[in-house]
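Residue numbers (my numbering): 40 to 352.
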């Protein structure tokens, strides 16, 4: 929801030339895969708009693509989206706003400043951020974060397993390979975690040895993940948008979540309360299951988008 930096006006003789010089003209279409725009609300629970195969033009930004596909209202000089197709944030002092993610990653700059690349998946989500403003990475654009990264720069992908010879470790690697994601393997907690997308495949009791992973235990205000392992990792609390416990799942429960502790780290968790939970999480590593979700819990063969919406404790 960061406001865009002011656009410096270009000097030109003709108005059309000025627009082209400033990068405001339509530009030529870029080669490569088309982009995808998804507009959701309540942490990805409700899909409002979906457009695929959108051609990317030279100097296209997240804001410009949104303007072409939806009716929008802006604030702060056009750099902050106030409303999309009539659904508005609460304005100054409110806790509900529009947030955008490119390939499942918070861009860290305004929509008017972020230049799109072919194949990008842009998700705008309307939600209450009173509980957390730390959801810096989400799973809803899988596998795009692992294919194209951010800003056209792909992260090398490394799968870290508690047991590199286990079936579940092999399953995750095969799933990534089928999705077109090249990945290397490493032991859990291998050094060198900067500028790498790490996929941790392990029960929570082992995964929590990674300092970056332990943010999940601190709750959504710190991690951006609306779930929290308790009882030494033997149980997973599923939370609502206010961070309150809706239900607690135990044996065989899995979690797929993404964290971005720093700008140079991207950490995906394929974890669970036990080995069966990790297997459940690995089975959920599918585009259809993760689509638009911020994180997903799996229990009893059912996937639940997090935070839990529409259920009462």
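Using N, Cα and C, we set each Cβ at its ideal position, and we do this for glycine too.
*For the beta strand (DSSP E) holding residue 212, just list the boundary residues, first then last.*
It is not in any beta strand (DSSP E) - residue 212 instead sits in the alpha helix (DSSP H) that spans 206-217.
_Cut-off 7 angstroms between Cβ atoms - residues of its own chain near residue 171, not counting five sequence neighbours on either side_ = 259, 260 and 263
*Just the C-alpha distance for residue 74 and residue 158, rounded to the nearest angstrom, thanks.*
5 angstroms
*asked:* Going by beta-carbon coordinates alone, are residue 178 and residue 334 separated by less than 7 angstroms?
replied: yes
*Counting pairs of beta carbons, one from the stretch 273-292 and one from the stretch 208-221, are three or more of them closer than 8 angstroms?*
Remark: fewer than three beta-carbon pairs, one from each stretch, lie closer than 8 angstroms, so the stretch 273-292 and the stretch 208-221 are not flagged as touching.
*Based on Cα-Cα distance, which residue from 279, 351, 203 and 299 lies nearest to residue 336?*
279
*Euclidean distance between Cα positions of residue 53 and residue 96*: Confidence at residue 53 is low in this model, with a pLDDT of 32, below 50, so the placement of that residue is unreliable and no value is reported for it.
_Continuous beta strand (DSSP E) stretch holding residue 137: start and end_ = 135-141
*If we ignore side chains and look at the alpha-carbon of each, how far apart do residue 193 and residue 186 end up?*
Cα to Cα, the separation comes out at about 6 angstroms.
*Best match in 331, 175 and 156 for proximity to residue 104 [C-alpha to C-alpha]*: 156
*Look at the Cβ atom of residue 317, then the Cβ atom of residue 239, and state whether they are nearer than 7 angstroms.*
no
*Candidates 189, 289, 123 and 167: closest to residue 148 by CA position*: 189
*When DSSP labels each residue in this structure, what does residue 34 get in the three-state scheme?*
There is simply no residue 34 to check, as the chain begins at 40 and stops at 352 in what is shown.
*Excluding sequence positions up to five away, which residues of its chain have a Cβ less than 8 angstroms from the Cβ of residue 390?*
There is simply no residue 390 to check, as the chain begins at 40 and stops at 352 in what is shown.
*What do you reckon, is the C-beta of residue 98 under 6 angstroms from a heavy atom of the ligand GTP?*
The model on display carries no ligand, and the ligand GTP is accordingly not part of it.
*Within this structure, are the beta carbons of residue 276 and residue 267 separated by less than 7 angstroms?*
yes
*residue 182: which of 300, 332 and 348 sits nearest, CA to CA?*
332
*How big is the Cα-Cα spacing for residue 46 and residue 205?*
Legend: pLDDT at residue 46 = 33, less than 50; position of this residue unreliable, no value from coordinates given.
*Expected contact under 8 angstroms - CB spacing of residue 327 and residue 309 to nearest Å*: At roughly 17 angstroms, the Cβ-Cβ gap does not stay under 8 angstroms, so residue 327 and residue 309 are not in contact.
*The alpha helix (DSSP H) spanning residue 183 covers which residue range?*
183-187
*asked:* Assuming the contact rule is C-beta atoms closer than 8 angstroms, residue 300 and residue 236 should be a hit. Round their C-beta distance to whole Å, please.
replied: Residue 236 and residue 300 do not touch by the CB rule: their CB atoms are close to 13 angstroms apart, not below 8 angstroms.
*Out of 293, 109 and 256, point me to the one whose CA is closest to residue 311's CA.*
293
*With residue 103 as the anchor, note down where its alpha helix (DSSP H) starts and where it stops.*
Its alpha helix (DSSP H) spans residues 101-108.
*asked:* Output needed for residue 129: all residues of its chain with C-beta closer than 8 angstroms, excluding positions within five of it in sequence on either side, in chain order.
replied: 135 and 136
*asked:* Counting C-beta neighbours from all protein chains within 10 Å, is the total for residue 303 16 or more, i.e. buried, or is it exposed?
replied: Looking at its Cβ environment, which holds fewer than 16 other Cβ atoms inside 10 Å, residue 303 is exposed.
*Buried or exposed by the 16-neighbour rule on C-beta atoms within 10 Å, applied to residue 350*: Exposed.
*Note down the Cα distance separating residue 253 from residue 243, rounded to an integer number of angstroms.*
9 angstroms
*asked:* Just verifying my parser: in three-state terms, what is the DSSP assignment at residue 311?
replied: strand
_Please tell me whether residue 305 and residue 251 are closer than 7 angstroms, where the distance is taken between their beta carbons._
Pairing residue 305 with residue 251 gives a Cβ-Cβ distance that is not under 7 angstroms.
*asked:* Can you find the residues in the same chain that come closer than 8 angstroms, C-beta to C-beta, to residue 228, ignoring five residues on each side of it along the sequence?
replied: 199, 248 and 249
*What do you get for residue 169, buried or exposed, if any count of 16 or more other CB atoms within 10 angstroms of its CB means buried?*
exposed
*Which term fits residue 6, buried or exposed, when burial requires 16 or more other beta carbons within 10 angstroms of its beta carbon?*
Only positions 40 to 352 of the chain appear in the structure, and residue 6 is not among them; the question remains open.
*asked:* In this structure, how does DSSP classify residue 293 when only helix, strand and coil are distinguished?
replied: strand
*asked:* Less than 7 angstroms between C-beta atoms, sequence neighbours within five positions excluded: which residues of the same chain meet that for residue 330?
replied: Closer than 7 angstroms at the Cβ level, and outside the excluded window around residue 330, lie 179.
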